[in-house]
Structures are given as C-alpha cells and as structure tokens.
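Engineer: Before I ask anything, let me first share the structure, which is written out below as structure tokens.
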Amino acid sequence: MGKRIAFTGGSGKAGRHAIDYLVAAGHSVLNLDLVPLENSSVYTLKTDVTDEGQVFNALTSHFKSNGYTDPSIPGPPDVVIHFAAYPRNMIAPDNETFRTNILSTYNVIEAACKLGVKKIIIASSETTYGVCCALGDVDFHSFPLEEDYDVDPMDSYALSKICGEKTARTFARRFQVDIYALRIGNVIEPHEYATKFPSFVDNPASRKRNAWSYIDARDLGQICDLCIKKDGLGFQVFNATNDTITTKVPTMELLKSQCPNVPITREMGEWEAPMSNRKIREVLGFKQEHDWRKYVNL
1 MGKRIAFTGG SGKAGRHAID YLVAAGHSVL NLDLVPLENS SVYTLKTDVT
51 DEGQVFNALT SHFKSNGYTD PSIPGPPDVV IHFAAYPRNM IAPDNETFRT
101 NILSTYNVIE AACKLGVKKI IIASSETTYG VCCALGDVDF HSFPLEEDYD
151 VDPMDSYALS KICGEKTART FARRFQVDIY ALRIGNVIEP HEYATKFPSF
201 VDNPASRKRN AWSYIDARDL GQICDLCIKK DGLGFQVFNA TNDTITTKVP
251 TMELLKSQCP NVPITREMGE WEAPMSNRKI REVLGFKQEH DWRKYVNL
C-alpha cells in the first residue's frame, strides 16, 4: 500500500522528479513549497518551512483542497521528505543560506518527530565532502568517497548540510525513529544529458568538484522510495549517486591521472563512481535505471 508523504521543496529541480516517481509508485504526496509544482496533480500547500508553526500545521493538513469532504480531520503523514533549501551558495548571502537551511531542517524534523512520524528523509549534499565549493583547486582526502569520510567543507551551504545531518542524528536517537540523510550528487534532469554531458566527458578536469559523479533525478526518486520501504535503520547517511563515473576513462586510471597524490583505500570497480553508491546498493537494493551512457553518444 502507498504511503501518505509530505514532501518539502517538491517544486525544485530534484523534488519534482522524485515526486513523479513516488506518485507512480502508488504513494499520495503533498508538496510543501513556496511556489506551485507545475504540470502535476500533486497539490502544493504554500509553506514557509522556516516558520515552525507553519510546518506543524502543514504536517496535519489535507492533501487536496477537496479534503474537507472526508469524514475525519487529517493526521500526520506516514513519511516526511525534506528537500526544501537554498540549493547552493550565491543565491543568498552566506549567513542567510546557513540560517534558512538549518532552521528549516530543524523545524521539519522536530515537527515530524513530535507528531509521531516514524520515517523522515532529508537532503544532504555532495558538497559536504569539501571540494565542490572549496577555494581553489584542492584534493579529496581519499577515494572512494564513502559515508564514513571525514567531511570538512569550507562553505556555508555544505556546513548547513552537515548541521542538518547532526540534527537528524539527534532526533533519531531521542525519538527512536528512522531518519535517512541523502548526500545527493550532481542532479541531472533528462534533458541535461544532451546539453551538459558532452562537455563533462570531453573535459574531465571540470568534473573534479563533483567527484566525476552524478544522480539522475528519476533515480533519486527510486532512492527515496527505497528509503521509505526500508525500516529499522535509525539514523543513516547514504550517498545518492548513480553507479558510474562520468568519463570515458576507467575509474582507477582517471583518479591516478587527475589526483595522483590522493590515496585510494580500496580497489574500485572499473567504472565505479568515485562518490560511491555501494551502500545504497547493498543496504537499500538500489539498481540504477538511467546510466548516462544510454543517453550520450561517446
């Protein structure tokens, strides 16, 4: 049976594709966002998630405007997925990016836990690995990038995501609920294979900040669905990336040429993404549907 899901930030680049996947999988979704989700049957409740009162109210809202015909008042959803945030630096000043992102994450997690929601999924980021928004050309500490990596970013956006992960861990422990943080890689929409990937493949150095990794927005929806289905893990961090490196050169060869001084801590698969998704494959059963090579002529 499908779940009732409150999804914050569903009108954004990643959220709208994830919602499409979840609806197709049989779930009911309410989008909590400041702008409508266009071309969708999913209702958008205009919600400022930096206002905790609005969050508590939204999490006990009808999912559609005709919900008043139902015989009872709505309770909290089965699942809360929190994607709402400034999605990068340089949209707002650094302090506002940090304030908004961490306050909204705190509000959503606290409200969900106190309303009795047992499954919460939050968006973290590849930027936590410390290179994407670093000053100058810096190296990763080691490869592959896995969830036990010592994250040490330089920027306010990534710092807000680390604080979000710590908030999730705190509430998961206190309320004994499942909260899964997805370190989301560079999100690629279907049309972007034609517009972006040729330059990615032809200029590998340009992809170092993203660790030569990506996540298809539709596969991100699958990951959200798998998180919903997998219970009992408490607090977890998962890299949310596709399987393969975004180059024509095999992984070990590429890393040795582009990052010769960075240690490699285990033998990696021939085409394994340096921001490895091994954990979501082994723990959640993720099987990518959208390998970039299906869409790009090499």
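Numbering (UniProt numbering), first residue to last: 1 to 298.
Here a beta-carbon is modelled for each residue, glycine too, at the ideal position from N, C-alpha and C.
1. What does the alpha-carbon distance come out to for the pair HIS82 and ALA158?
2. So ASP178 is in the beta strand (DSSP E); what residue range does that whole segment cover?
3. At what residues does the alpha helix (DSSP H) containing VAL201 begin and finish?
4. Could you tell me whether the region 122-131 touches the region 256-271, where touching means 3 or more Cβ pairs closer than 8 angstroms?
5. I'd like to know whether the C-beta atoms of LEU182 and SER124 end up nearer to each other than 8 angstroms.
6. From ALA172, ALA194, HIS141, pick the residue whose C-alpha is nearest to that of PRO274; which is it?
7. Along the chain, where does the beta strand (DSSP E) that runs through ASP33 open and close?
8. DSSP three-state call for ILE91: helix, strand or coil?
9. Taking only three categories from DSSP, how would you classify MET252?
10. If HIS17 and ARG218 are in contact, beta carbons under 8 angstroms, what's the gap, nearest whole angstrom?
11. Output needed for THR47: all residues of its chain with C-beta closer than 6 angstroms, excluding positions within five of it in sequence on either side, in chain order.
12. Spatial neighbours of VAL138 within its chain, please: CB distance less than 8 angstroms, with the 5 preceding and 5 following residues excluded, ordered by chain position.
13. Here's the rule I'm using: 16 or more other beta-carbon atoms within 10 Å means buried, otherwise exposed. How should ARG207 be labelled?
14. Could you please give the first and the last residue of the uninterrupted beta strand (DSSP E) stretch that includes ASN239?
15. Where are the beta strand (DSSP E) runs, 3 residues long or more, that stay fully inside the region 36-76, in chain order?
16. Tell me, to the nearest whole angstrom, how far the beta carbon of GLU272 is from that of THR251; I am working on the premise that it is less than 8 angstroms.
17. Using a Cβ distance threshold of 8 angstroms, determine whether the region 171-187 contacts the region 220-230, with at least three qualifying pairs required.
18. Rounded to whole angstroms, what is the Cα-Cα separation between LEU34 and ASP51?
Structural biologist: Quick answer:
1. Within the sequence shown, the letter at position 82 stands for residue 82. Within the sequence shown, the letter at position 158 stands for residue 158. If I take the Cα positions, the gap works out to 16 angstroms.
2. One-based indexing of the sequence shown puts residue 178 at position 178. ASP178 -> beta strand (DSSP E) spans 178-184.
3. The residue given as residue 201 occupies position 201 in the sequence shown. Where VAL201 is concerned, the enclosing alpha helix (DSSP H) stretches over 192-202.
4. Judged by Cβ distances under 8 angstroms, the region 122-131 makes no contact with the region 256-271, as fewer than three pairs qualify.
5. As a working note, residue 182 is residue 182 in the sequence shown. As a working note, residue 124 is residue 124 in the sequence shown. Contact: yes.
6. For the purposes of this step, residue 274 is taken as the residue at position 274 of the sequence shown. The candidate whose alpha carbon is nearest that of PRO274 is HIS141.
7. Your numbering for residue 33 matches position 33 in the sequence shown. In the DSSP assignment, ASP33 falls within the unbroken beta strand (DSSP E) covering 28-33.
8. Residue numbering aside, residue 91 sits at position 91 when the sequence shown is read from its first letter. The three-state secondary structure of ILE91, taken from DSSP, is coil.
9. As a first step, residue 252 must be located in the sequence shown, where it is residue number 252. Looking at MET252 - three-state DSSP - the assignment turns out to be helix.
10. Numbered from its first residue, the sequence shown carries residue 17 at position 17. Numbered from its first residue, the sequence shown carries residue 218 at position 218. Their Cβ separation, rounded to whole angstroms, is 5 angstroms, which keeps HIS17 and ARG218 in contact under 8 angstroms.
11. Within the sequence shown, numbered from 1, the residue matching residue 47 stands at position 47. LEU32, GLN54, ALA58.
12. Reading the sequence shown from its first residue, position 138 is the one you call residue 138. Same-chain partners within the cutoff: GLY130, VAL131.
13. The residue labelled residue 207 in the question sits at position 207 within the sequence shown. By the neighbour-count rule (16 or more Cβ atoms within 10 Å), ARG207 is buried.
14. Here the question's residue 239 lines up with position 239 in the sequence shown. Its beta strand (DSSP E) spans residues 235-240.
15. 43-46
16. The residue you call residue 272 lines up with position 272 of the sequence shown. The residue you call residue 251 lines up with position 251 of the sequence shown. Confirmed, Cβ separation roughly 5 angstroms.
17. yes
18. If you number the sequence shown from 1, residue 34 lands on position 34. If you number the sequence shown from 1, residue 51 lands on position 51. The alpha-carbon atoms of LEU34 and ASP51 are separated by roughly 12 angstroms.
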